[in-house]
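> Here it is, the structure in full.
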Amino acid sequence: MSQMEVSQQTEVRSLPRIGSKAPQFEADTTQGRIRLSDYEGSWLILFSHPADFTPVCTSEFIAFQEIYPELRKLNTELLGLSVDSLSSHVAWIRNVKEKFSVQLEFPIIADLNKEVAQKYGMIMPEESSTETSRAVFVIDDKQVVRAIIYYPLSTGRNMQEILRLVKALQTTDKHGVATPANWKEGDEVLIPPAKSDELAEERMNDKSLNCIDWYYCTKKL
Amino acid sequence: MACVNEKGQLTESAKKLFRAIGNQSLTPAEISKSAGIPLFKVRSSLREMTEAEYIAEESGQYRLTSKAIELLEKQ
Chain A
852 MSQMEVSQQT EVRSLPRIGS KAPQFEADTT QGRIRLSDYE GSWLILFSHP ADFTPVCTSE
912 FIAFQEIYPE LRKLNTELLG LSVDSLSSHV AWIRNVKEKF SVQLEFPIIA DLNKEVAQKY
972 GMIMPEESST ETSRAVFVID DKQVVRAIIY YPLSTGRNMQ EILRLVKALQ TTDKHGVATP
1032 ANWKEGDEVL IPPAKSDELA EERMNDKSLN CIDWYYCTKK L
Chain B
2 MACVNEKGQL TESAKKLFRA IGNQSLTPAE ISKSAGIPLF KVRSSLREMT EAEYIAEESG
62 QYRLTSKAIE LLEKQ
């Protein structure tokens, strides 16, 4: 075994985690050669799918396109990825337009050498070593990974949850609050727990808050 | 976004971008706003067009080169 083969076998990749800088890449897409840094200043949903011309993926891409206008209002872009070729992506986009009357307006990475997929841990070898799983990385305007979702090959993603997630993260950033289970835009938000007894007491006496107890206070934005 | 097709003509998106720049020197954000093209696409296209010498960059501002103006006039 050569030195290079040993080195390749022992390479340990550090996958992105929530709060880490998103790994940089430059890749061929259906809209030209794009770098991750091209998205600085915008939020980005980088998502992978197993393969073009498959039913679950087609349903997802149509659904992603449906939420794209609303995402763009949130300063958020979409960028798809699979290990298919550029020609396959182009043919699939044209087929979706012809058969479903939907124009996919966001770019799709042709990651034939799996470079981006491996950087982001999008391949689950126990499920499939040749296809990317249904991964979603929410990357903020400073290129920090803010949320990661993985779905298996068989299950299509819920676009309303992705939209809700982006809105929740942006609400947290803007107002310094957290969002409870099943939160949706317009619902009350949670105040981070008080960090001292004095602050807890002040919070309980704050008439602008709705406190069940010192650690569980909500408010309307 | 390829800026020139196989016939040597500017693509529609390239024309849109060139016209947004016109005779000015603009930042990518200004071009994005003026052309109505998402910022990521403007940045990607400017890189490609700079390599092809249709665009020149100075201190973060971009302008058309004589090569681009000549091509635009032929369209």
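Protein chains in written order, with my numbering: chain A, 852 to 1072; chain B, 2 to 76. Note that beta-carbon positions come from the ideal geometry of N, C-alpha and C, so glycine has one too. Note that this is a predicted model, so its numbers are computed, not measured.
According to DSSP, is A:Leu-1050 helix, strand or coil?
It is helical.
> In this structure, what does DSSP give as the bridge partners for B:Gln-62?
Answer is B:Glu-59, bridged to B:Gln-62.
> For B:Val-1, list the residues DSSP reports as bridge partners.
This structure leaves residue 1 of chain B out entirely; chain B is present only between 2 and 76.
> Expressed to the nearest angstrom, what Euclidean distance is found between the alpha-carbon atoms of A:Val-907 and A:Thr-1006?
Each residue's alpha carbon lies about 7 Å from the other.
> Exposed or buried, A:Thr-927, counting other C-beta atoms within 10 Å across all chains shown (16 or more means buried)?
By the 10 Å Cβ count, A:Thr-927 comes out buried.
> A:Asp-903 by DSSP, collapsed to three states: which one?
Looking at A:Asp-903 - three-state DSSP - the assignment turns out to be coil, as it is neither helix nor strand.
> Opposite A:Glu-877 in the DSSP bridges: which residues?
In the DSSP output, where bridge partners are listed per residue, A:Glu-877 has A:Arg-886.
> Would you mind working out which of B:Lys-8, B:Arg-44, B:Thr-66 sits nearest A:Glu-877, comparing C-alpha positions?
Comparing Cα positions, the closest option is B:Arg-44.
> At what residues does the alpha helix (DSSP H) containing B:Glu-31 begin and finish?
Where B:Glu-31 is concerned, the enclosing alpha helix (DSSP H) stretches over 29-36.
> Considering A:Ala-998, what are the terminal residues of the beta strand (DSSP E) in which it resides?
Counting along the chain, the beta strand (DSSP E) containing A:Ala-998 begins and ends at 996-1002.
> Name the chain B residues that come within less than 9 Å of A:Gly-931, Cβ to Cβ?
Near A:Gly-931 there are no residues of chain B at all, since even the closest Cβ is about 14 Å away, more than 9 Å.
> Opposite A:Thr-927 in the DSSP bridges: which residues?
A:Thr-927 is bridged to A:Trp-894.
> Among A:Gln-882, A:Ala-873, A:Tyr-1001, A:Gly-1027, which one has its Cα closest to the Cα of B:Thr-12?
The residue with the shortest Cα to Cα distance from B:Thr-12 is A:Gln-882.
> Taking just the CA atoms, how far does A:Ala-1032 sit from A:Asp-992?
If you take the alpha carbons of A:Asp-992 and A:Ala-1032, they lie about 25 Å apart.
> Between the segment 868-891 of chain A and chain B, which residues of the former have CB atoms less than 9 Å from a CB of the latter, in chain order?
Cβ contacts with chain B come from Thr-880, Gln-882, Gly-883, Arg-884, Ile-885, Arg-886, Ser-888, Asp-889, Tyr-890, Glu-891.
> Mind listing which residues of the segment 9-29 of chain B have their C-beta closer than 7 Å to chain E's C-betas, in chain order?
Looking at the structure shown, chain E is missing, and the protein chains on hand are A and B.
> Report the residue from A:Ile-1063, A:Gly-931, A:Ser-938 whose alpha carbon sits nearest the alpha carbon of A:Thr-983.
The residue with the shortest Cα to Cα distance from A:Thr-983 is A:Gly-931.
> Apart from the five residues just before and just after A:Lys-1071, which ones in its own chain have a Cβ nearer than 6 Å to its Cβ?
Cβ within range, chain order: Glu-1039.
> Are the C-beta atoms of B:Arg-44 and some chain A residue less than 9 Å apart?
Chain A, which has a Cβ nearer than 9 Å to the Cβ of B:Arg-44, makes this yes.
> Just to make sure I have the definition right: I need the residues of chain A whose C-beta is within less than 8 Å of the C-beta of B:Glu-49. Which are they?
Near B:Glu-49 (Cβ distances below 8 Å), the residues of chain A are Gly-883, Arg-884.
> Assign B:Lys-42 to one of two classes, buried (16 or more other C-beta atoms within 10 Å of its C-beta) or exposed (fewer than that).
Buried, because 16 or more other Cβ atoms sit within 10 Å of the Cβ of B:Lys-42.
> Going by other Cβ atoms of all chains shown within 10 Å of its Cβ, with 16 needed for buried, is B:Ala-30 buried or exposed?
Burial call: exposed.
> Taking 9 Å as the CB-CB cut-off, is B:Leu-40 touching chain A?
Yes, because at least one Cβ of chain A sits closer than 9 Å to the Cβ of B:Leu-40.
> By how many angstroms is the C-alpha of A:Asp-962 removed from the C-alpha of A:Met-1002?
Here residue 1002 of chain A turns out to be Tyr, not Met, going by the sequence shown. Straight-line Cα distance between these residues: approximately 19 Å.
> Counting pairs of beta carbons, one from the segment 961-976 of chain A and one from the segment 933-942 of chain A, are three or more of them closer than 8 Å?
Because the criterion of three Cβ pairs below 8 Å is met, the segment 961-976 of chain A and the segment 933-942 of chain A touch.
> Counting only C-beta atoms, is A:Ser-938 closer than 9 Å to chain B at any point?
Not closer than 9 Å to any Cβ of chain B, the Cβ of A:Ser-938 fails to qualify, so no.
> So, at 6 Å on beta carbons, what are the nonlocal neighbours of B:Lys-71 in its own chain, with the 5 sequence-adjacent residues on each side left out?
As written in the sequence, residue 71 of chain B is Glu, which differs from the Lys given in the question. If we look at B:Glu-71 and ignore the five residues flanking it on each side, it has no Cβ neighbours.
> For the alpha helix (DSSP H) holding A:Ala-942, just list the boundary residues, first then last.
It spans 937-951 - the alpha helix (DSSP H) in which A:Ala-942 sits, taken as one unbroken run.
> Where DSSP assigns a beta bridge to A:Cys-908, which residues make up the other side?
Answer by DSSP bridge pairing: none, since A:Cys-908 is not bridged.
> In terms of alpha-carbon separation, which member of A:Phe-988, A:Ile-913, A:Lys-950 lies closest to A:Gly-870?
A:Gly-870 has its Cα closest to that of A:Phe-988, out of A:Phe-988, A:Ile-913, A:Lys-950.
> Answer with buried or exposed for A:His-940, where buried requires no fewer than 16 other C-beta atoms within 10 angstroms of its C-beta.
When all chains shown are included, A:His-940 counts as buried.
> Assuming contact is defined by CB atoms lying nearer than 9 Å, are B:Leu-73 and B:Leu-47 in contact in what I supplied?
Contact: no.
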